[in-house]
Amino acid sequence: MHMTYKPNGICAAKIDFDVEEGKVYNVKFSNGCDGNHKGLASLVEGMPAEEVAKRLKGITCGPRASSCPDQLAQAVEKYLGQ
Numbered sequence: 329m330h331m332t333y334k335p336n337g338i339c340a341a342k343i344d345f346d347v348e349e350g351k352v353y354n355v356k357f358s359n360g361c362d363g364n365h366k367g368l369a370s371l372v373e374g375m376p377a378e379e380v381a382k383r384l385k386g387i388t389c390g391p392r393a394s395s396c397p398d399q400l401a402q403a404v405e406k407y408l409g410q
């Protein structure tokens, strides 16, 4: 299943990803820190969705209350709640 998520409080404007058989694939962020997003996408590729949410939730970015990893966790949690 393909998901598109509009994050809040970060540089990225959109997060796209797929979940197949409970695992996260093809994470793509629109805008923001390209290298960090590619690294994050590579690290979670093929990881169980529950594990992605668990590991990334609550990570902050400097003074911000959230971060790209945290917003990805929230996007995955939204998927899991469907």
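The sequence shown finishes on residue 410 if you use the working numbering, and the numbering steps up by one all the way, no holes. By construction, the Cβ of each residue, glycine as well, lies at the ideal position given by its N, Cα and C atoms.
Classified as exposed, S370 has fewer than 16 neighbouring CB atoms from the shown chains inside 10 Å of its CB. For K366, the enclosing alpha helix (DSSP H) has its first and last residue at 362-372. Burial check for D398: the Cβ neighbour count within 10 Å reaches 16 or more, so the residue is buried.
Note: E348 is bridge-paired with K351 in the DSSP secondary-structure output. In the three-state DSSP reduction, P397 falls in the helix class (H, G or I). In the displayed model, K342 falls within a strand according to three-state DSSP. In the DSSP assignment, the residues bridged to K356 are D344.
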